[in-house]
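Here is the structure we will look at, set down as structure tokens.
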Amino acid sequence: MSSASGSSPANGGGDSLPITDPSSRSLALSWFGYHPAEFDETVLLKHAPPYLTQREATQAANEEPSPSPVTPIGELSRFPLELLSFIVQFADLQSISVLRLVNRRMRLIVDDSIPYKFLIQHIPDTLSALKSADATQHFTVDELYVTLCRKSCAFCKDMGTYLWIPECVRCCFNCLNETPHLMPLIESDAKTLFGVTKKVLSDIPSMLSIPGTYGMVELYHGRRFRLYSQTRVVQAAIAHHGGDESYNAWLETDGMKARVAFSRPSRRGISKPTFYLSARFMAATPLPYFDLATRKLHHGLVCRGCQIAMIRSRHLMATHSVAMTIIRKQARMWVEDNLFEHFGECKDAQDMWDFMHEARNVSVDMSREKTEAWLPGFSWLWFVYEL
Ligand SMILES: [Zn+2]
Ligand SMILES: [Zn+2]
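First residue of the sequence shown? That's 1 in this note's numbering, and the numbers climb one at a time after it.
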């Protein structure tokens, strides 16, 4: 255990977290904040084809030396540029891809539209994932842009680093893992459990899953599933059945039978609860946060102090609720400034900081490279074991 808790750092500067000196602050962030790639590997990542084709990317690369386009854009020429930009902003992402193919003049107009420009510039992988998931027709440039510029998860106040595709909303890893709202439905279950038809479902935003391994349970799915938001399915089902009263009557009869059959253990393959535990992650893809004030993109950082706290608290995880509180804390994401504020209340991060300075006599201005040279084989895993 750290014996340095509460003691002064060895450099004599008296600094303890949170510190204000820029170089120490930068060192603290590099030690205690990191983006967990292992979380991103549980969800839908970018897949070929990219959002822009190779030809489009080449055209974009050759944009500068080319003469100004002279080919007209038909009836659209009657509109001022401001209005065309407005049209681009509120068009769906799939229509925009088609519009860009009209001619070079149209492509320049689309690419100059500010919200679209930011999407292409900052989240090409998210766009690529949406294209692979056959979901670009459901969401407008503006919807995705607004979501990109919102930091918080739509279901809690934490920073969200994922896009939940069926509703184009931002969510955090913890909510993706456990919030009932973020449990998608596959087509057959949507029809059976809510009494809707394929025609009704065709009017609801949806996405197609990509074969791969998903979720904390790391389940491989070779088939592609069309996934729907359960909330949207319920709304459509109420309209389809002719209102709340008729829908509730259906739920008490046929709906009840369907739910009983649904809850029976599967005789072959994986069980429905296990399937849906990982299906949640099929419907999400990484989405960094774009801060409009600073024009900076944030991918989110977790606190190593909180992660160490989880490892040290394993013996306390006697009940599900205690375990979930501890697990939830270690997966919480922050932007740099907020993480630094968090250090002020994170005892484990403070203990680690003191430990690093006093027990190992590491100066606050010592770089990570110097630390490695001073202590060959240094790694965070080693550090965890030493605690
Ligand atoms: Zn959340
Ligand atoms: Zn912490």
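No residue lacks a Cβ here, since even glycine has one placed at the ideal position from N, Cα and C.
Keep in mind that this is a model prediction, so the values were computed, not measured.
For HIS390, collect the residues of the same chain with a Cβ closer than 7 Å to its Cβ; drop the 5 residues on either side in sequence, then sort them by chain order. As displayed, the chain neither begins before 1 nor continues past 387, which places residue 390 out of reach and without an answer.
THR20 to GLU336 span [Cα, whole Å]: Position 20 of the sequence shown, counted from the start, is the residue given in the question as residue 20. Position 336 of the sequence shown, counted from the start, is the residue given in the question as residue 336. A direct Cα-to-Cα measurement between THR20 and GLU336 gives close to 13 Å.
Nearest CA to the CA of ASP165: which residue from GLY344, ARG226 and LEU201? Locating residue 165 in the sequence shown gives position 165, where the first residue counts as 1. Note on residue identity: the sequence assigns Ile, not Asp, to residue 165. Looking at the Cα atoms, ARG226 is the closest of the given residues.
Which term fits ILE311, buried or exposed, when burial requires 16 or more other beta carbons within 10 angstroms of its beta carbon? For the purposes of this step, residue 311 is identified with residue 311 of the sequence shown, where counting begins at 1. The residue is exposed, with fewer than 16 neighbouring Cβ atoms inside 10 Å.
THR391 and VAL88: beta carbons closer than 8 Å? With the chain running from 1 to 387 in the structure shown, residue 391 is simply not present.
Does DSSP put PHE290 in a helix, in a strand, or in coil? The residue given as residue 290 occupies position 290 in the sequence shown. It is a strand residue.
Cα separation between LYS347 and ALA309? Working through the sequence shown from its first residue, we reach residue 347 at position 347. Working through the sequence shown from its first residue, we reach residue 309 at position 309. Taking the straight line joining both Cα atoms gives about 9 Å.
Would a C-beta distance cut-off of 8 Å place GLY243 and GLY195 closer than the cut-off? Numbered from 1 along the sequence shown, position 243 holds the residue referred to as residue 243. Numbered from 1 along the sequence shown, position 195 holds the residue referred to as residue 195. Against a cut-off of 8 Å, the Cβ pair of GLY195 and GLY243 comes out as no contact.
Indicate, with yes or no, if ligand 2 has a heavy atom lying under 7 Å from the CB of CYS303. On the sequence shown, position 303 is the one that residue 303 refers to. CYS303: yes, Cβ under 7 Å from ligand 2.
With 16 as the cutoff for other CB atoms within 10 Å, does ASP112 come out buried or exposed? What you label residue 112 is simply residue 112 of the sequence shown in a count that begins at 1. A residue is called buried when at least 16 other Cβ atoms come within 10 angstroms of its Cβ; ASP112 does not meet this threshold and is exposed.
Contact test: PHE155 Cβ vs ligand 1 heavy atom, cutoff 7 Å: In the sequence shown, the residue the question calls residue 155 occupies position 155. Within the cutoff, so yes.
Just checking: is the beta-carbon of ASN103 within a distance shorter than 8 Å of some beta-carbon in chain C? Looking at the structure shown, chain C is missing, and only one protein chain is on hand.
Are there any heavy atoms of ligand 2 lying less than 7 Å away from the beta-carbon of ASP348, as far as the coordinates show? The residue you call residue 348 lines up with position 348 of the sequence shown. Residue side-chain check: ASP348 places its Cβ nearer than 7 Å to a non-hydrogen atom of ligand 2.
Looking at ligand 2, does it come within less than 7 Å of HIS342, judged from the CB to the closest heavy atom? Taking the first residue of the sequence shown as position 1, residue 342 is located at position 342. Yes, ligand 2 has a heavy atom inside 7 Å of this Cβ.
Do ASN174 and ligand 1 come close, with the Cβ less than 7 Å from some heavy atom? The residue labelled residue 174 in the question sits at position 174 within the sequence shown. Judged by the Cβ position, ASN174 qualifies as a neighbour of ligand 1 at the 7 Å threshold, a heavy atom of the ligand being closer than this.
Buried or exposed for GLU82, going by 16 or more other Cβ atoms inside 10 Å? What you label residue 82 is simply residue 82 of the sequence shown in a count that begins at 1. By the 10 Å Cβ count, GLU82 comes out exposed.
Tell me which residues share the same chain as GLU92 and place their Cβ nearer than 6 Å to its Cβ, disregarding the 5 neighbours each side in the sequence. Start at 1 with the first residue of the sequence shown, and residue 92 comes out as number 92. According to the sequence shown, residue 92 is Asp rather than Glu. If we look at ASP92 and ignore the five residues flanking it on each side, its Cβ neighbours are GLN137 and THR140.
Can you confirm whether the stretch 347 to 356 touches the stretch 291 to 308 when touching is taken to mean that 3 or more C-beta pairs between the two stretches lie within less than 8 Å? Contact between the stretch 291 to 308 and the stretch 347 to 356 is present: 3 or more CB-CB pairs across the two stretches fall below 8 Å.
Could you give the DSSP three-state label for LEU301: helix, strand or coil? Counted from its first residue, the sequence shown places residue 301 at position 301. Of the three classes helix, strand and coil, the one that applies to LEU301 here is strand, per DSSP.
In three-state DSSP terms, what is CYS156? Within the sequence shown, the letter at position 156 stands for residue 156. In the structure shown, CYS156 sits in coil (DSSP, three-state: anything other than H, G, I, E or B).
CB PHE340 to CB LEU29, shorter than 8 Å? Walking along the sequence shown from the start, residue 340 turns up at place 340. Walking along the sequence shown from the start, residue 29 turns up at place 29. A contact, by the Cβ cut-off of 8 Å.
With a Cβ-Cβ cutoff of 8 Å, do TYR162 and CYS171 count as a contact? Counting from one through the sequence shown, the residue named residue 162 turns up at place 162. Counting from one through the sequence shown, the residue named residue 171 turns up at place 171. Cβ distance < 8 Å, so TYR162 and CYS171 count as in contact.
Under the three-state reduction of DSSP, which class applies to MET417: helix, strand or coil? The shown model of the chain, from 1 to 387, leaves out residue 417, and the question about it has no answer.
Within the present structure, is the beta-carbon of GLY160 separated from the nearest heavy atom of ligand 3 by less than 7 Å? Ligand 3 is not part of this structure, which contains only ligand 1 and ligand 2.
Buried versus exposed, by CB contacts within 10 Å (16 or more), LEU292: The residue labelled residue 292 in the question sits at position 292 within the sequence shown. Looking at its Cβ environment, which holds fewer than 16 other Cβ atoms inside 10 Å, LEU292 is exposed.
Where the beta strand (DSSP E) containing CYS171 begins and where it ends: What you label residue 171 is simply residue 171 of the sequence shown in a count that begins at 1. Per DSSP, CYS171 belongs to the beta strand (DSSP E) from 169 to 171.
For ARG226, three-class secondary structure by DSSP: Locating residue 226 in the sequence shown gives position 226, counting from the first residue. When DSSP states are grouped into helix, strand and coil, ARG226 belongs to the strand group.
Going by C-alpha distance, which of LEU27, GLU38 and PHE32 is nearest GLU218? On the sequence shown, position 218 is the one that residue 218 refers to. Here the closest residue by C-alpha is GLU38.
Compute every distance between the C-beta of CYS149 and the non-hydrogen atoms of ligand 1, then say whether any falls below 7 Å. Within the sequence shown, numbered from 1, the residue matching residue 149 stands at position 149. In this structure, the C-beta of CYS149 stays at least 7 Å away from each heavy atom of ligand 1.
Going by DSSP, what residues sit across from ILE186 in a beta bridge? Locating residue 186 in the sequence shown gives position 186, where the first residue counts as 1. Answer is LEU227.
Simplified DSSP state of GLY255, which is helix, strand or coil: Along the sequence shown, one-based indexing puts residue 255 at 255. GLY255: helix per DSSP, three-state reduction.
Express the C-alpha separation of HIS299 and HIS35 in angstroms, rounding to a whole number. As a working note, residue 35 is residue 35 in the sequence shown. As a working note, residue 299 is residue 299 in the sequence shown. Taking the straight line joining both Cα atoms gives about 7 Å.
So is the beta-carbon of CYS306 under 7 Å away from any non-hydrogen atom of ligand 2? Against the sequence shown, residue 306 aligns to sequence position 306. Yes, ligand 2 has a heavy atom inside 7 Å of this Cβ.
Where GLY215 falls, given that 16 or more other Cβ within 10 Å makes a residue buried: Residue 215 sits at position 215 when you count from the first residue of the sequence shown. Per the 10 Å Cβ criterion, buried.
Residue interval of the alpha helix (DSSP H) (run including LEU127): Start at 1 with the first residue of the sequence shown, and residue 127 comes out as number 127. Segment 124 to 132, the alpha helix (DSSP H) holding LEU127.
Any chance the CB of CYS171 is under 7 Å from a heavy atom of ligand 1? Reading the sequence shown from its first residue, position 171 is the one you call residue 171. CYS171 Cβ: within cutoff of ligand 1.
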